[in-house]
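A quick write-up on the structure given underneath.
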Amino acid sequence: MALTDQSTGIRSGEELDASLIDPYLKAHLADLHGTPAISQFPGGASNLTYLIQYPERELVLRRPPFGHKARSAHDMGREYRILNQLKNAFPYCPQAYLHCTDESVIGSEFYVMQRVKGIILRSDLPPELALDARQTEDLCKSFINKLVDLHRVDYQACGLGDLGKPQGYVQRQISGWSERYEKARTPDAPAWEQVQAWLADKMPADSPTSSIVHNDYRFDNVILDPDNPMNIIGVLDWELTTLGDPLMDLGNTLAYWVQADDPLPVQLTRRQPSNAPGMLTRQAFVDYYAERSGIRIDNFDFYYTYGLFRLAGIVQQIYYRFFHGQTQDKRFARFIDMNRLLEQMSLNVITKSSL
5 MALTDQSTGI RSGEELDASL IDPYLKAHLA DLHGTPAISQ FPGGASNLTY
55 LIQYPERELV LRRPPFGHKA RSAHDMGREY RILNQLKNAF PYCPQAYLHC
105 TDESVIGSEF YVMQRVKGII LRSDLPPELA LDARQTEDLC KSFINKLVDL
155 HRVDYQACGL GDLGKPQGYV QRQISGWSER YEKARTPDAP AWEQVQAWLA
205 DKMPADSPTS SIVHNDYRFD NVILDPDNPM NIIGVLDWEL TTLGDPLMDL
255 GNTLAYWVQA DDPLPVQLTR RQPSNAPGML TRQAFVDYYA ERSGIRIDNF
305 DFYYTYGLFR LAGIVQQIYY RFFHGQTQDK RFARFIDMNR LLEQMSLNVI
355 TKSSL
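Count along the sequence shown from 1, then add 4; that gives the number in our numbering.
Dropping the structure here:
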């Protein structure tokens with residue numbers, strides 16, 4: 005189907021050497037024959053994702069970015085383990101096949117996983133899907149339901165009880181992102197001082213509910229069934245997953261959620277079709293999540309503002325690599341403008357206490 009997510013040519017400076025990766029894969033995986041074609045998936049500004057196509061089998065390879073700064077955010081072994089341990093309880097994870105720590109193969113560690121073929125939404129709903137507003141609402145609710153399902157997983161039973169420390173999670177996230185932001189701050193970056201002070205003052209106590217936290221749950225990290233686009237068949241990009249407060253995860257997701265009535269500067273940052281007719285507003289999203297999860301949500305302005313600040317930290321870490329010439333990807337040149345806009349959005353939230 006033409007809508008199925010496709011790989012493209014490899015970006016300059018991010019090439020893989022087929023003469024090195026091919027013999028390694030054949031030595032560790034069965035039923036690989038011939039010479040592989042290697043291409044790159046266009047999405048993602050962090051870990052790099054490649055399609056390895058053999059005549060009879062397709063694999064996906066994940067590796068850290070070139071010139072990466074935050075090592076803890078690019079732990080291939082950790083992501084590989086999460087996929088393996090979580091697969092039975094949350095079947096939307098791709099099957100992970102192998103993890104390589106030998107950096108001589110491609111210049112970094114990497115892991116290889118199943119390719120889940122389907123539709124990945126980017127900025128807009130493809131016209132070919134022909135979804136009406138009711139179907140789009142169903143898709144939106146399916147998206148939220150999968151997040152609720154993840155937050156309900158018994159992580160102890162999955163063997164992931166050591167993935168993180170839920171106690172003190174909120175405080176660590178606020179202080180941790182403040183520190184990471186300062187380390188990645190460039191001379192042209194905003195200070196975020198007022199927002200950081202507000203977050204420290206409004207920080208809630210530890211939640212009685214802890215869960216697996218995906219930390220990057222948005223539409224371009226889920227895969228839709230080509231035969232039934234309202235059905236989600238895969239969830240990708242588990243590199244930031246940990247244990248913590250599920251409402252922090254919800255805040256992270258809503259930080260990306262640009263709704264139809266947001267002003268033009270905000271609309272220009274949109275990377276998913278969250279403004280399409282039928283998509284829930286941020287407040288309706290929170291209300292539906294609360295209904296489905298049974299979690300009481302009283303102060304979501306805190307979690308949403310945290311999500312915006314954290315997103316600014318991620319954006320700034322990526323911009324730092326561009327600013328210092330560690331990546332040539334020209335998409336990242338505009339990330340400084342996104343950082344400034346996120347600060348203004350956060351100031352608007354803490355002034356109005358609304359989403």
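Quick reminder that beta carbons are idealized off the backbone N, C-alpha and C, glycines included.
Quiz prompt | Which listed residue (Asn232, Gly238, Pro212 and Thr213) has its alpha carbon closest to that of Arg222 | solution = Walking along the sequence shown from the start, residue 222 turns up at place 218. When only C-alpha atoms are compared, the closest one is Gly238.
Practice problem: Would you mind working out which of Pro194, Val116, Pro230 and Phe326 sits nearest Ala134, comparing C-alpha positions? | Solution: Numbered from 1 along the sequence shown, position 130 holds the residue referred to as residue 134. The option with the nearest alpha carbon to Ala134 is Pro230.
Self-check item: Residue nearest to Trp261 in terms of C-alpha spacing, selected from Met283, Gly13 and Glu60
Solution: Residue numbering aside, residue 261 sits at position 257 when the sequence shown is read from its first letter. That would be Met283, whose Cα lies nearest to the Cα of Trp261.
Quiz item: Where does the unbroken beta strand (DSSP E) through Leu24 begin, and where does it stop?
Solution: As a working note, residue 24 is residue 20 in the sequence shown. From DSSP, Leu24 is part of no beta strand (DSSP E) but of the alpha helix (DSSP H) over Ala22 to His32.
Quiz item: For Arg274, which of helix, strand or coil comes out of DSSP?
Solution: Along the sequence shown, read from residue 1 onward, the residue named residue 274 stands at position 270. Note: Arg274 maps to coil in three-state DSSP.
Self-check item: Residue range of the unbroken alpha helix (DSSP H) whose run includes Leu351
Solution: To locate residue 351, count along the sequence shown from 1; it is residue 347. Residues Phe339 to Lys356.
Exercise. To the nearest angstrom, report how far apart Lys206 and Val109 are at their CA atoms.
Key: For the purposes of this step, residue 206 is taken as the residue at position 202 of the sequence shown. For the purposes of this step, residue 109 is taken as the residue at position 105 of the sequence shown. One C-alpha to the other measures close to 48 Å.
Self-check item: Cβ-Cβ distance between Ile340 and Asp192 below 7 Å
Solution: Counting from one through the sequence shown, the residue named residue 340 turns up at place 336. Counting from one through the sequence shown, the residue named residue 192 turns up at place 188. Result yes, Cβ atoms of Ile340 and Asp192 sit closer than 7 Å.
Self-check item: Delimiting residues of the alpha helix (DSSP H) encompassing Val319
Solution: Taking the sequence shown and counting its residues from 1, the one referred to as residue 319 is at position 315. That run of the alpha helix (DSSP H) goes Phe304 to Phe327.
Exercise. Give me the Cβ distance between Tyr308 and Gln177, rounded to the nearest whole Å; I'm assuming they're in contact under 8 Å.
Key: Here residue 308 refers to the residue found at position 304 of the sequence shown. Here residue 177 refers to the residue found at position 173 of the sequence shown. Wrong, their Cβ atoms sit about 14 Å apart, outside the cutoff.
Quiz item: Quick one: what's got a C-beta closer than 6 Å to Met5's C-beta in the same chain, skipping five residues either side?
Solution: What you label residue 5 is simply residue 1 of the sequence shown in a count that begins at 1. In this prediction, Met5 scores a pLDDT of 46, lower than 50, which makes its location untrustworthy; no coordinate-derived value is stated.
Practice problem: Would you tell me roughly how many angstroms separate the C-alpha atoms of Gly248 and Leu87, rounded to the nearest one? | Solution: Here residue 248 refers to the residue found at position 244 when the sequence shown is read from its first residue. Here residue 87 refers to the residue found at position 83 when the sequence shown is read from its first residue. Roughly 18 Å between the two C-alpha positions.
Quiz prompt | Close beta carbons around Val157, own chain, < 6 Å, minus the five adjacent residues each side | solution = Sequence index remark: in the sequence shown, residue 157 carries index 153 (1-based). The residues are Ala93, Phe94 and Ile216.
Quiz item: Between the segment 188–204 and the segment 313–330, are three or more C-beta pairs nearer than 8 Å?
Solution: yes
Quiz item: Counting only runs that start and end within the segment 212–276, where is the beta strand (DSSP E) found for 3 or more residues in a row?
Solution: 215–217, 226–229, 232–239 and 246–248
Quiz prompt | Same chain, Cβ closer than 7 Å to Gln175, five either side skipped, listed in chain order | solution = Here residue 175 is taken as the residue at index 171 of the sequence shown, counted from 1. Answer for Gln175: Met207, listed in chain order.
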